[in-house]
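Okay, so here's the structure we're looking at.
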Amino acid sequence: MLQIYNTLTKSKQPFTPINPGQIRMYVCGITVYDLCHIGHARVMVCFDLITRYLRARGWGVDYVRNITDVDDKIIRRAAENGESVDDLTARMIAAMHEDEAALSVLRPDQEPRATRHIDDIIAMVQTLIAKGFAYAATNGDVYYRVEKFASYGKLTNKVVEELRAGARVEVETAKESPLDFVLWKAAKEGELSWQSPWGDGRPGWHIECSAMSKCCLGETFDIHGGGPDLPFPHHENEIAQSEAANGQTYVNYWMHAGPVRVNAEKMSKSLGNFFTIRDVLKEHNPEVVRYFLASVHYRSHIDYSVDSLREAKAALDRFYQALEGAPAGEAQLDEQSDYSTRFFEAMDDDFNTPRAMAVLFDLVGELNRAKAEGLETAAYYAAQLRALGGLIGLLQQEPNAYLQHAADGEISAEAIEALIVERKEARAAKDFARSDEIRDQLAEQGVVLKDGPEGTQWYRDQ
RNA sequence: GGCGAGUUGGCAGAGCGGUGAUGCAACAGAUUGCAAAUCUGUAUUAGGCCGGUUCGACUCCGGUGCUCGCCUCCA
């Protein structure tokens, strides 16, 4: 029985989709004004793992993740760059897709873009106005009337009175209440805008998700996910918009990934302590990064550092060292095995990947023992390891492709092979001094040699 | 200040009211020309602190310290 931790109820709950066997999931995606960083990668990988696992267990998943392709930051950045909003967002979307692909993140089934759903957005704002939950202000903006929505704050335990007391002094006086948030934003001169009943403008941030999720998945759906900074105000506001407009429950299960930290602080744009995915991938195998993100439960914070990535690499090396040289077989999953059972139990418990990983390591031990003793079961264990890893998008590379993966500026495979040939000749001549010299020389460049009965294997270890 | 999460062995990180995951590191042995990988074993290596419940608590309850997140654009 799958259990999911629901931010709304702050507890794990048995998961039951609205339509048996078919799950509808919406995840808040990226505002495409800059390159994605490791925090973004975490959300991508988290919901990719979840989607893959759910599908592997026989559920259908309709996975929607939006792209915010118009907002203040985008407009400002485009102006700074002297390029159009379209050019900027097209570049950033392409970059995001490259980053995702590198991390083995499968594309969502639908990636709706705000600018392609302006009509849906306007329609929802009109509904909210008609129902009294929104009003057009004198400045051309349209605002949501927060205090009209009785259960405002239910996701994050906010109390409207306290929010009002703590509200910052507003420069904007067109609002009835400082808590009100913008649904439709009047365009300034020369800004990208669309026509609307309230004049030229563009959507506010929160409304796009309400409108697009409704368009793609319907008025009520199963899972809504996002990053750690989204519950308030974004998701709170989405609930207010959608439930007021549609008159029914918006989402059954809310899921939020934990933050990526750097030196005990959240990695974020505003702190400037972020590492872009592509910068990290220059120095690390993408699967190491994926493994790193999966090695901690998705709701916990995870610390990004050189050391933690090194440790992730050491762990993943162990998997591929075990797989390397193992008899190749069909990676057909034995769903009845103890390993599968334990793996499923772990994943069914709110997607507990660290626990699932422990099962994979147990399999590594069995595989290594079987290999050492030349047992036929080695092929079976290797297949189970690959198959279970595959359920969460890991361990699908050829072992040597992984083990010999070169980071930028590292010695080439050809150069290594040449030195290995030279060393082989030296060893044949019992010139161990030269042999060790070559070993040391390669070691300095992060290349480790393994002499075995089949000859010399090598891998990179940095 | 309000709301929420966390606090486990050298580090990372799970589960569990009683049999001390898993990975990295360390140590010992096997193996190796030397290594690496691997295997076997080791630990007097844990459970912020103070109380309580219990035959027994890391695991439950109360208090308290500390850390972190959200409360403003941010995944």
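Throughout the first sequence, residue numbering follows the working numbering, covering 104 to 565 in sequence.
Think of the CB as a built atom: it goes at the ideal place given N, C-alpha and C, for glycine as much as any other residue.
Between the beta-carbon of Gln507 and the beta-carbon of Tyr562, is there less than 8 Å? Within the first sequence, numbered from 1, the residue matching residue 507 stands at position 404. Within the first sequence, numbered from 1, the residue matching residue 562 stands at position 459. Yes, these two residues count as a Cβ contact at 8 Å.
Please list, in chain order, all residues of the same chain as Gly328 whose beta carbon is under 6 Å from its beta carbon, the five residues on each side excluded. Within the first sequence, numbered from 1, the residue matching residue 328 stands at position 225. So the list reads Val130, Phe150 and Met358, once near-sequence residues are dropped.
Given Asn161 as reference, the closest of Phe447, Phe324 and Tyr423 once Cα atoms are compared: As a first step, residue 161 must be located in the first sequence, where it is residue number 58. According to the sequence provided, residue 161 is Gly. The question's Asn does not apply to it. It is Phe447.
Any 3 or more C-beta pairs closer than 8 Å across the region 139 to 148 and the region 382 to 401: The way I'd put it, the region 139 to 148 does touch the region 382 to 401; three or more beta-carbon pairs between them come closer than 8 Å.
Indicate whether Asp174 and Thr192 have their beta-carbon atoms separated by less than 8 Å. Here residue 174 corresponds to residue number 71 of the first sequence, with the count starting at 1. Here residue 192 corresponds to residue number 89 of the first sequence, with the count starting at 1. In this structure, Thr192 does not lie closer than 8 Å to Asp174 by Cβ.
So Leu231 packs on Ala348, CB below 8 Å; how close in whole Å? For the purposes of this step, residue 231 is taken as the residue at position 128 of the first sequence. For the purposes of this step, residue 348 is taken as the residue at position 245 of the first sequence. With a Cβ gap of about 5 Å, Leu231 and Ala348 count as contacting.
Grab me the residues of Ser296's own chain with a C-beta within less than 7 Å of its C-beta, minus the 5 sequence neighbours each way, in chain order. To locate residue 296, count along the first sequence from 1; it is residue 193. Cβ contact annotation for Ser296 (same chain, cutoff 7 Å, sequence separation greater than five): Ala290, Asp303, Gly304 and Arg305, in chain order.
Tell me whether Thr379 sits in a helix, a strand or coil according to DSSP, three-state version. The residue given as residue 379 occupies position 276 in the first sequence. Three-state DSSP puts Thr379 in a strand.
Would you call Val524 buried or exposed, if buried means 16 or more other Cβ atoms sit within 10 Å of its Cβ? Mapped onto the first sequence, residue 524 falls at position 421. Residue burial is scored here from C-beta neighbours: Val524 has fewer than 16 other C-beta atoms within 10 angstroms and is therefore classed as exposed.
When Gly321, Ser371, Val365 and Asn366 are compared against Gln351, the one with the closest alpha-carbon: Taking the first sequence and counting its residues from 1, the one referred to as residue 351 is at position 248. Ranked by how close their Cα comes to the Cα of Gln351, the residues Gly321, Ser371, Val365 and Asn366 have Gly321 in first place.
As an exercise, report each continuous alpha helix (DSSP H) stretch of at least 4 residues that is fully enclosed by the region 222 to 307, in chain order. List check, alpha helix (DSSP H) in window: 263 to 269.
Residue burial classification, Asn122 (beta-carbon count within 10 angstroms, cutoff 16): To locate residue 122, count along the first sequence from 1; it is residue 19. Exposed, since its Cβ has fewer than 16 Cβ neighbours within 10 Å.
Please classify Met315: is it buried, with 16 or more other beta-carbons within 10 angstroms of its beta-carbon, or exposed? The residue labelled residue 315 in the question sits at position 212 within the first sequence. Taking all protein chains shown into account, Met315 has 16 or more neighbouring C-beta atoms within 10 Å of its C-beta and is therefore buried.
Near Glu214, what residues of its chain come up, given a Cβ to Cβ distance below 8 Å and the 5 sequence neighbours on each side ignored? Here residue 214 corresponds to residue number 111 of the first sequence, with the count starting at 1. Within the same chain, Cβ atoms closer than 8 Å to the Cβ of Glu214 are found at Gly132, Val167, Arg168, Asn169 and Ile170, the five residues on either side in sequence being excluded.
Please check the pair Val409 and Gly142, which I expect to be a contact at CB under 8 Å, by giving their CB distance rounded to whole angstroms. The count along the first sequence starts at 1 and reaches residue 409 at position 306. The count along the first sequence starts at 1 and reaches residue 142 at position 39. Their Cβ separation, rounded to whole angstroms, is 17 Å, which puts Val409 and Gly142 out of contact at 8 Å.
Is DSSP giving Asp172 helix, strand or coil here? What you label residue 172 is simply residue 69 of the first sequence in a count that begins at 1. It is coil, neither helix nor strand.
List in chain order: all unbroken alpha helix (DSSP H) runs of 4+ residues lying wholly within the region 124 to 205. Scanning the region 124 to 205 from its first residue to its last, the whole alpha helix (DSSP H) runs of 4-plus residues come out as 141 to 159, 175 to 184 and 188 to 205.
Local Cβ density within 10 Å of Val262, reported as buried at 16 or more and exposed below that: Locating residue 262 in the first sequence gives position 159, counting from the first residue. Burial call: exposed.
Start and end residues, beta strand (DSSP E) containing Ile523: Walking along the first sequence from the start, residue 523 turns up at place 420. Unbroken run through Ile523 is the alpha helix (DSSP H), Ala516 to Ala531; no beta strand (DSSP E).
Within 8 Å, do at least three Cβ pairs link the region 483 to 499 to the region 455 to 475? Output reads yes: the region 483 to 499 touches the region 455 to 475.
Hey, how far is the Cα of Gly432 from the Cα of Leu258? Sequence index remark: in the first sequence, residue 432 carries index 329 (1-based). Sequence index remark: in the first sequence, residue 258 carries index 155 (1-based). A straight line joining the alpha-carbon of Gly432 with that of Leu258 spans about 48 Å.
Could you give the residue range of the alpha helix (DSSP H) that holds Asn471? Here the question's residue 471 lines up with position 368 in the first sequence. Looking at the DSSP string, the run of the alpha helix (DSSP H) that includes Asn471 is Thr456 to Ala475.
I need the DSSP call for Ile495, collapsed to helix, strand or coil. Within the first sequence, numbered from 1, the residue matching residue 495 stands at position 392. In this structure, Ile495 counts as coil in the three-state DSSP scheme.
Rounded separation between Val285 and Arg179 - CA only: Looking up residue 285 in the first sequence gives position 182. Looking up residue 179 in the first sequence gives position 76. Val285 and Arg179 have their C-alpha atoms some 19 Å from each other.
Since Gly496 contacts Leu152 with CB under 8 Å, what's their CB separation in whole angstroms? Along the first sequence, one-based indexing puts residue 496 at 393. Along the first sequence, one-based indexing puts residue 152 at 49. Between Gly496 and Leu152 the beta-carbon gap is near 7 Å, inside 8 Å, which marks them as a contact.
If Lys385 and Asp511 are in contact, beta carbons under 8 Å, what's the gap, nearest whole angstrom? By 1-based counting over the first sequence, the position of residue 385 is 282. By 1-based counting over the first sequence, the position of residue 511 is 408. 5 Å between Cβ atoms; contact.
When the Cα atoms are used, what is the spatial distance from Pro336 to Asp283? Counting from one through the first sequence, the residue named residue 336 turns up at place 233. Counting from one through the first sequence, the residue named residue 283 turns up at place 180. Going by the C-alpha atoms only, they are around 11 Å apart.
Along the chain, where does the beta strand (DSSP E) that runs through Lys115 open and close? As a first step, residue 115 must be located in the first sequence, where it is residue number 12. Ser114 to Pro117 is the span of the beta strand (DSSP E), which, as asked, contains Lys115.
Find out if the Cβ-Cβ distance for the pair Ala237, Lys278 is shorter than 8 Å. In the first sequence, counting from the first residue as 1, residue 237 sits at position 134. In the first sequence, counting from the first residue as 1, residue 278 sits at position 175. No, the pair does not count as a contact, with Cβ atoms beyond the cut-off.
Among Cys139, Asp564, Ile326 and Ala529, the one whose alpha carbon lies nearest that of Thr154: By 1-based counting over the first sequence, the position of residue 154 is 51. A check of alpha carbon separations from Thr154 across Cys139, Asp564, Ile326 and Ala529 identifies Ile326 as the nearest.
Assuming Ile310 contacts Val228 (C-beta within less than 8 Å), just tell me the rounded distance between them. Numbered from 1 along the first sequence, position 207 holds the residue referred to as residue 310. Numbered from 1 along the first sequence, position 125 holds the residue referred to as residue 228. About 6 Å separates the two Cβ atoms, so the contact holds.
Candidates Tyr407, Asn388 and Arg526, of which the one nearest Ala367 by Cα: The sequence position of residue 367 within the first sequence is 264, counting from 1. Checked all of Tyr407, Asn388 and Arg526; the closest Cα to Ala367 is Tyr407.
Mind reading off the beta-carbon distance from Pro334 to Thr110? Whole number of angstroms is fine, and I expect it under 8 Å. For this step, residue 334 is matched to residue 231 along the first sequence. For this step, residue 110 is matched to residue 7 along the first sequence. The pair is a contact, with the Cβ atoms about 6 Å apart (cut-off 8 Å).
Cutoff 6 Å; reference Gly330; Cβ partners in own chain excluding five residues on either side: Working through the first sequence from its first residue, we reach residue 330 at position 227. Excluding residues up to 5 positions away in sequence, Val146 and Ala360 lie with their Cβ nearer than 6 Å to the Cβ of Gly330 in the same chain.
Under DSSP, the alpha helix (DSSP H) around Asn340 begins and ends at which residues? Taking the first residue of the first sequence as position 1, residue 340 is located at position 237. Counting along the chain, the alpha helix (DSSP H) containing Asn340 begins and ends at Glu339 to Asn349.
Looking at C-alpha atoms only, which residue of Ile196, Leu396 and His200 is the closest neighbour of Tyr136? Counting from one through the first sequence, the residue named residue 136 turns up at place 33. Nearest in C-alpha terms to Tyr136, of all of Ile196, Leu396 and His200, is Ile196.
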